[in-house]
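S.K.: This note's numbering puts the first residue of the sequence shown at 1, with every later residue one more than the last.
Cβ atoms here follow ideal geometry from the backbone N, Cα and C, with glycine treated the same way.
I'd like to ask you about the structure that follows.
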Amino acid sequence: MGAEESTQQQQEQSSKKDLSTDDISDVEVKEPTAEDMQKWFNSKFAVNVSAQAFELKEQITKIRRYFHRNPELSYQEQNTSKVIAHYLQKMKLDAVTEGVAGTGVVGLLKGDNPGPCILLRADMDALPVTEQNDVEFKSAKEGVMHACGHDCHMAILLGAAEILSKLREQIHGSIKFVFQPAEEGGAGGKKMIEEGVLENPHVDQVYGLHVWSYAKFGVGGHAAVPNGTKDAVVAVAQLVIQLHTIVPRN
């Protein structure tokens, strides 16, 4: 065997050894540096919104339960409106406007940098439903209940407003926090638009959310007898696919 061939085999063996993943205990995991953060997020600030949200968990939960205990029907959200405005005013936003479309509230936060205006929206009204749940924060009003998650939506948006109000230096543009009355068939959103909620400053994009509690449980079994099992993973995968067909199909 020539020296050249021997050297080539040694290099191949060395290459195979380098590619081995049998032992990765010596791999060092480094925390991202400030330079990394700036490169990844185009920002000189650390992205720590999740940590701040966790710190507000107890407060957001209390607010949500207060709203749940004190529901108000469409265009009757006077107390709800006052509570929301109180929290927004404590955050020292640039503006807090009450009475929009009757009982709606709008908070405005201007970032220190130029950019678009983003609107975040939550609905406020409850439903004419008698609550059957036996919980500590059960509705105190007979025949009225937050049965569609609006109590959660308001608490979530107040939490988001508090976090973002502390990140003014990082924000490029403005954020409107819109609490909409009469979502349940009362056209509250339409009235807010008619009263100019999308202007001063002009809104470029609107975002909202809806809570949904969903759990799919499977039944275990043996791979040789799949017909005796219920695969939750496959069911959820099909659900995701079907959800993505809603918009293009409608």
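Kindly indicate which residue of Asp134, Val129, Val233 has the alpha-carbon position closest to the one of cysteine 141.
M.R.: On the sequence shown, residue 141 is found 141 positions in, with the first residue counted as 1. The sequence shown places lysine at residue 141, rather than the cysteine named in the question. From the listed residues Asp134, Val129, Val233, the smallest Cα separation to lysine 141 is found for Val129.
S.K.: With distances taken Cα to Cα, identify the nearest neighbour of alanine 147 among Lys62, Pro71, Val49, Leu239.
M.R.: The count along the sequence shown starts at 1 and reaches residue 147 at position 147. Among Lys62, Pro71, Val49, Leu239, the Cα nearest to that of alanine 147 belongs to Pro71.
S.K.: Which residue marks the beginning of the alpha helix (DSSP H) containing tyrosine 66, and which one marks its end?
M.R.: In the sequence shown, counting from the first residue as 1, residue 66 sits at position 66. Unbroken alpha helix (DSSP H) run through tyrosine 66: 57–69.
S.K.: Cutting at 6 Å between CB atoms, please list the residues of its own chain near aspartate 151, excluding the five before and the five after it.
M.R.: On the sequence shown, residue 151 is found 151 positions in, with the first residue counted as 1. Cβ within range, chain order: Arg64, Phe67, His68.
S.K.: Among Ala215, Tyr214, Thr229, which one has its Cα closest to the Cα of glycine 221?
M.R.: As a working note, residue 221 is residue 221 in the sequence shown. Out of Ala215, Tyr214, Thr229, Thr229 has the C-alpha closest to the C-alpha of glycine 221.
S.K.: Examine the Cβ distances between the stretch 180–190 and the stretch 211–220 and report whether three or more of them are shorter than 8 Å.
M.R.: no
S.K.: Using a Cβ distance threshold of 8 Å, determine whether the stretch 125–139 contacts the stretch 84–96, with at least three qualifying pairs required.
M.R.: no
S.K.: Are at least three pairs of beta-carbons, each pair with one atom in the stretch 98–113 and one in the stretch 188–198, less than 8 Å apart?
M.R.: yes
S.K.: Compare the beta carbon distance of lysine 176 and valine 106 with 8 Å and say whether it is the shorter of the two.
M.R.: As a first step, residue 176 must be located in the sequence shown, where it is residue number 176. As a first step, residue 106 must be located in the sequence shown, where it is residue number 106. Cβ distance < 8 Å, so lysine 176 and valine 106 count as in contact.
S.K.: Three-state secondary structure (DSSP) at leucine 88?
M.R.: For the purposes of this step, residue 88 is identified with residue 88 of the sequence shown, where counting begins at 1. In the structure shown, leucine 88 sits in a helix (DSSP, three-state: H, G or I).
S.K.: Between which two residues does the beta strand (DSSP E) harbouring leucine 120 extend?
M.R.: Here residue 120 is taken as the residue at index 120 of the sequence shown, counted from 1. Element bounds for leucine 120: 113–123.
S.K.: Could you give the C-beta distance for cysteine 117 and aspartate 204, rounded to a whole number, given that I count them as a contact under 8 Å?
M.R.: Sequence index remark: in the sequence shown, residue 117 carries index 117 (1-based). Sequence index remark: in the sequence shown, residue 204 carries index 204 (1-based). 5 Å between Cβ atoms; contact.
S.K.: Taking histidine 172 and glycine 111 to be in contact with their CB atoms under 8 Å, please state how far apart those CB atoms are, rounded to whole angstroms.
M.R.: The residue you call residue 172 lines up with position 172 of the sequence shown. The residue you call residue 111 lines up with position 111 of the sequence shown. Their Cβ separation, rounded to whole angstroms, is 6 Å, which keeps histidine 172 and glycine 111 in contact under 8 Å.
S.K.: Would the beta-carbon of glycine 188 fall within 8 Å of that of serine 74?
M.R.: Here residue 188 refers to the residue found at position 188 of the sequence shown. Here residue 74 refers to the residue found at position 74 of the sequence shown. Yes, these two residues count as a Cβ contact at 8 Å.
S.K.: Rounding to the nearest angstrom, what Cα-Cα distance links valine 178 and leucine 109 in this structure?
M.R.: What you label residue 178 is simply residue 178 of the sequence shown in a count that begins at 1. What you label residue 109 is simply residue 109 of the sequence shown in a count that begins at 1. In a straight line, the C-alpha of valine 178 is about 11 Å away from that of leucine 109.
S.K.: Check the DSSP bridge columns for threonine 229 and list the partner residues they point to.
M.R.: Within the sequence shown, numbered from 1, the residue matching residue 229 stands at position 229. Beta-bridge analysis with DSSP links threonine 229 to no other residue.
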